[in-house]
Amino acid sequence: MKILLNNNSLFKSLRPFNDIGFVPTMGSIHEGHLSLIDRSNRTCKKTIVSIFVNPKQFNNKKDFKNYPTNINKDIKILKKSKKVDFLYIPKFKDIYNNNKKSNIKITKKDKILCAKYRKGHFEGVLDVMERLTNLVNPKKIFMGKKDYQQYFLIKNYLKNKYKTSIVPCKTIRDINKISLSSRNNHLDLNGIKKASFLSKSLFRLKKNLVNKKKIKQKLRIQIKYFEKLLKIKIEYLELRSIKNLKISNTVRGSRLFVAYYIDNVRLIDNF
Ligand code: AMP
6 MKILLNNNSL FKSLRPFNDI GFVPTMGSIH EGHLSLIDRS NRTCKKTIVS IFVNPKQFNN
66 KKDFKNYPTN INKDIKILKK SKKVDFLYIP KFKDIYNNNK KSNIKITKKD KILCAKYRKG
126 HFEGVLDVME RLTNLVNPKK IFMGKKDYQQ YFLIKNYLKN KYKTSIVPCK TIRDINKISL
186 SSRNNHLDLN GIKKASFLSK SLFRLKKNLV NKKKIKQKLR IQIKYFEKLL KIKIEYLELR
246 SIKNLKISNT VRGSRLFVAY YIDNVRLIDN F
């Protein structure tokens, strides 16, 4: 695994290859990331992973400052996997030095779910993904369905501008049914118990949801129930179509999208 610390070494190392699979991350590598890497490794000739905590996608400065990082541990894990050819760890200036200001805007119809609650977040995500795509020029980008709205917006944004295809990959969960996330590092044992209870309950809820008009109302009652029982804050709990992310009344072809806070840690998932 070759470590690339600037754009010069990135360009030099990638030049000979055209079948490149790319796994962009913000580090704190876990099994979720490793599953994307495994998929890339099986699909493409070369696999590159990036670790870049992009300040421009954080709508909250404290959240950025507290984002868990452990670059040495990450390097060890990635090396041990033997599935990564290149690890790109750019500096801020490697990504943003071309001074090109972004004019990406999320349209009104897309201001749903996290886009509604995290102002500027997806503008920052799309901007950095476009920059990374230009720098790495991958054939395929592997992304987790755990962050389904992110995958959906990136896919739609890049598809008309680049040849790169975006490959959605399944969500990896721990034994407690909690989807793996770097932010889980901030949870204490009690927090983990709550996240586990919520995940298991939402799997069950999705199974028991019957197609009917009252789904929205039912979900509103569920929000209140979970908030009171677990003493957590639920930002949204919505059933939406996976095709277009519109509110849905039918369980088939839809997912339950949730964002919630446990002790100030914001987590998202879908079921
Ligand atoms: P992050 O480092 O959190 O920005 O995530 C980098 C990539 O890993 C994104 O495409 C995520 O959707 C994906 N990812 C994060 N957690 C998981 C998970 N539990 N299972 C599968 N993919 C994940």
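Under my numbering, the sequence shown is numbered contiguously, ending at residue 276. No residue lacks a Cβ here, since even glycine has one placed at the ideal position from N, Cα and C.
LYS106 carries a coil assignment under DSSP once its states are collapsed to helix, strand and coil.
In this structure, the C-beta of ASP152 approaches the ligand AMP to less than 7 Å from one of its heavy atoms. THR138: member of the alpha helix (DSSP H) spanning 126 to 141, first to last residue.
Separation of the CB atoms of TYR265 and LYS236 is rounded to 11 Å, and the pair is thereby denied contact status at 8 Å.
Nearest Cα to ASN71 within the set VAL270, ASN12, ASP79 and ILE56: VAL270.
Going by C-alpha positions, ILE82 is about 10 Å away from SER33. With a minimum length of 4 residues, the unbroken runs of alpha helix (DSSP H) contained wholly in the segment 43 to 118 fall at 66 to 71, 76 to 86 and 97 to 101. For the pair LEU41 and GLY196, the CB atoms are not nearer than the 8 Å cut-off. For GLY37, the shortest separation between its Cβ and any heavy atom of the ligand AMP lies below 7 Å. Secondary structure at LYS219: coil, using DSSP grouped into helix, strand and coil. For GLY149, the enclosing beta strand (DSSP E) begins and ends at 145 to 149.
Taken from the Cβ of PRO29, at least one heavy atom of the ligand AMP lies inside 7 Å. The three-state secondary structure of ASP152, taken from DSSP, is helix. When C-alpha distances from THR176 are compared across ASP79, ARG136, PHE27 and PHE147, the shortest belongs to PHE147. Secondary structure of LYS17 (DSSP, three-state): helix. Comparing C-alpha distances from ILE171 to each of SER184, ASN181 and TYR156 shows the shortest one belongs to TYR156.
Shown here, ASN195 sits in a helix according to DSSP, grouped into three states.
The Cβ neighbour count for PHE127, taken over all protein chains shown within 10 Å, is at least 16; the residue is labelled buried. Distance check between LYS88 and each of ARG245, THR255, ARG44 and SER204 places ARG44 closest, using alpha-carbon atoms only. Residue state for LYS7 is assigned as strand, using DSSP reduced to three classes. The alpha-carbon separation between GLY258 and ILE247 amounts to approximately 6 Å.
The residue from ASN165, LEU272 and LYS61 with its alpha-carbon nearest to that of ASN190 is LEU272. Distances taken from the Cβ of LEU41 to the heavy atoms of the ligand AMP include one shorter than 7 Å. By the Cβ-count criterion, TYR162 is buried, with 16 or more other Cβ atoms from all chains shown falling within 10 Å of its own Cβ. For ILE180, no beta strand (DSSP E) encloses it, and the DSSP letter there is neither H nor E.
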